[in-house]
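Please read the structure below before turning to the comments.
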Amino acid sequence: MPCRVVLGGQWGDEGKGKIVDYLSASVDAVVRFQGGANAGHTLVVGGERVAVHLVPSGVLRPECEIILGNGMVVDPLALRDEIAGLESAGLDVRGRLRVSTAAHAVLPYHKLQDQLEEQRRGGGGIGTTGRGIGPAYADKAARAGLQLGIFLRSEAEMQKRLRAAAERKLQLLRTLAPDVELDVDAMLEEVLDGAAVLRPLLCDTALRIHELLDADKEILLEGAQGALLDLDHGSYPFVTSSSCTTAGALAGCGVAPRDITSVIGIAKAYSTRVGNGPFPTELADGDGVRLREAGQEFGTTTGRPRRCGWFDAVAVRHAARLSGFTELAITKLDVLDGFEVLRVADAYRCNGETIRHFPSDSDLLGACVPEYLEIEGWSQSTCECRSAEELPAAARRYIQILEERVGVPVRMLSVGPERDATVAL
Ligand code: IMP
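Counting in this note's numbering, the sequence shown runs from 27 upward without gaps.
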């Protein structure tokens with residue numbers, strides 16, 4: 027049975043949630059494997075809008091098991107609140123959610139540290155989501171973090187370990203901001219309240235995933251963020267702190283390369299980025315404003331307006347190569363309806379040279395000027411199209427150009443937020 031990976035092919039916010047929901051109609055389990063509550067998308071449940079940050083998009087399919095894998099960093103308070111929101115909208119969550127004992131806890135002091143470090147960086151900040159992601163992964167790498175399995179220990183042991191970690195962190199934070207305060211007792215009380223919800227969900231998720239694979243169940247591994255925010259391969263330091271590629275999927279849920287049957291890269295029909303860092307095809311003109319308004323490009327997690335620009339085939343080629351995309355899904359094609367001319371970057375001009383690869387150095391990337399292909403747009407609406415034949419010829423041509431320039435076949439298009447506003451190619 028297939029074990030498919032779904033990954034962001036740009037800077038995050040590609041509309042992965044909708045594609046995972048669409049694909050999960052037939053799957054037995056959806057697994058998240060990296061990141062934490064920095065991700066986010068809005069689900070419409072029984073007419074109500076619910077924002078999810080940690081729980082995989084498969085939550086909308088009642089038969090589907092949902093798993094938070096070992097590579098994630100999980101804020102127990104955010105998870106508690108998210109479960110409450112989804113359950114009050116009528117979804118069963120706890121009956122089918124499993125959370126890895128090996129995932130690391132994001133604790134209130136990580137969020138405080140994230141904010142203080144951003145302040146220290148001043149105008150040159152990364153523009154993080156403020157969810158404590160970088161500090162939690164830093165503690166994990168430094169072997170100073172707390173795995174969620176701690177919440178299965180006795181109350182006395184949990185208290186002792188959490189208190190010791192918080193006090194150690196407070197000393198460190200005082201070197202950043204001497205006046206910083208953290209009420210450790212209040213923090214303990216709140217975290218233990220969140221832990222009560224989490225405790226029954228904890229298990230060895232790598233073992234569970236292998237049980238599912240051995241039983242020939244169909245699994246979807248759902249990435250968060252996107253390849254260009256990858257800690258190793260993105261424009262460091264303007265990246266997130268996890269691996270957003272197929273490699274991250276393997277490490278973050280404990281499966282092997284041979285378990286993966288396909289890798290679906292998701293890319294918007296244009297580009298967006300939130301937070302700081304180089305973005306070669308960014309548009310500072312009316313076209314950028316038009317994309318933001320037509321695409322409703324405002325972050326689900328922070329509400330920040332997203333920076334918008336033309337499709338960057340250099341960047342998506344880089345993502346495709348890193349993760350071995352076997353197919354592409356292009357989202358938000360309808361946002362391009364009505365543009366007379368569309369542009370796609372196929373190369374960059376960099377220090378007097380034309381290059382076709384995505385530079386690994388973020389200063390070099392910042393100096394790159396896109397070389398564009400100009401493509402005729404279409405005036406008709408694509409919102410109601412449900413097959414390739416119904417699409418305007420110019421839209422089909424645009425998709426064909428993306429396919430050729432990225433070098434990966436496009437198998438799916440999204441032309442609206444609803445589940446059925448999807449075209450299989
Ligand atoms: P962090 O992941 O909160 O540390 O933020 C690091 C960078 O990644 C910032 O530029 C964020 O805006 C960006 N980022 C993190 N998560 C997402 C996401 O889900 N979508 C888009 N950008 C994100």
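Idealized CB from N, CA, C, for every residue including glycine. These numbers were taken from a predicted model, which means no experiment stands behind them.
Residue i, DSSP secondary structure in three states
i: F177; result: helix
i: P454; result: Here the chain has residues from 27 to 451 only, and residue 454 is not among them.
i: E410; result: coil
i: D285; result: helix
i: C279; result: helix
i: L69; result: strand
i: D338; result: strand
i: H130; result: strand
i: G329; result: coil
i: R445; result: coil
i: M213; result: helix
i: E319; result: helix
i: L80; result: coil
i: I290; result: strand
i: A355; result: strand
i: I152; result: coil
i: T231; result: helix
i: G121; result: coil
i: E11; result: Residue 11 lies beyond the stretch modelled for the chain, which goes from 27 to 451, so this question has no answer here.
i: G252; result: coil
i: G61; result: strand
Residue environment, residue i, which counts as buried when at least 16 other CB atoms sit within 10 Å
i: N64; result: buried
i: T373; result: Thr is not the amino acid found at residue 373; the sequence shown has Ala there. That one is buried.
i: V395; result: exposed
i: R179; result: exposed
i: P134; result: buried
i: T154; result: buried
i: D39; result: buried
i: V76; result: buried
i: P204; result: exposed
i: R299; result: buried
i: K294; result: buried
i: R445; result: exposed
i: D389; result: exposed
i: K186; result: exposed
i: S83; result: buried
i: P306; result: buried
i: G274; result: buried
i: T380; result: exposed
i: R96; result: Note on residue identity: the sequence assigns Asn, not Arg, to residue 96. Answer is buried; the Cβ neighbour count reaches 16.
Integer-rounded CB distance, given that residue j should sit under 8 Å from residue i
i: H136; j: A162; result: 5 Å
i: I356; j: V32; result: Actually they do not touch by this definition, with Cβ atoms about 14 Å apart.
i: D360; j: M27; result: Contact flag wrong, Cβ pair sits at about 33 Å.
i: G171; j: H130; result: 4 Å
i: M98; j: Q60; result: 6 Å
i: T352; j: V289; result: 5 Å
i: S405; j: G364; result: 6 Å
i: V434; j: L354; result: 5 Å
7 Å Cβ cutoff met for residue i and residue j
i: I425; j: V441; result: no
i: G249; j: G34; result: yes
i: V206; j: L199; result: yes
i: V265; j: L276; result: no
i: P331; j: F337; result: no
i: S349; j: T287; result: no
i: L80; j: L69; result: no
i: V53; j: L246; result: yes
i: R58; j: L94; result: yes
i: A192; j: P102; result: no
i: A341; j: F384; result: yes
i: V449; j: C411; result: yes
i: I124; j: V223; result: Before going on, a small fix: residue 124 reads as Arg here, not Ile. It is not a contact, given that the beta carbons lie outside the stated cut-off.
i: R122; j: E74; result: no
i: W37; j: G252; result: yes
i: V367; j: E400; result: yes
i: V78; j: E108; result: yes
i: F177; j: R234; result: no
i: R382; j: E397; result: no
i: G303; j: C334; result: no
i: G116; j: T327; result: no
i: A346; j: V432; result: yes
Cross-strand partners of residue i (DSSP beta bridge)
i: Y374; result: I381 and P396
i: G186; result: Strictly speaking, residue 186 in this sequence is Lys, with Gly absent from that position. DSSP, once it has assigned bridges, lists no residue as partnering K186.
i: S440; result: T448
i: C29; result: I245
i: A55; result: E91 and I245
i: R225; result: BP columns for R225 are empty, so no partner.
i: L368; result: I401
i: F324; result: P331
i: S297; result: G335
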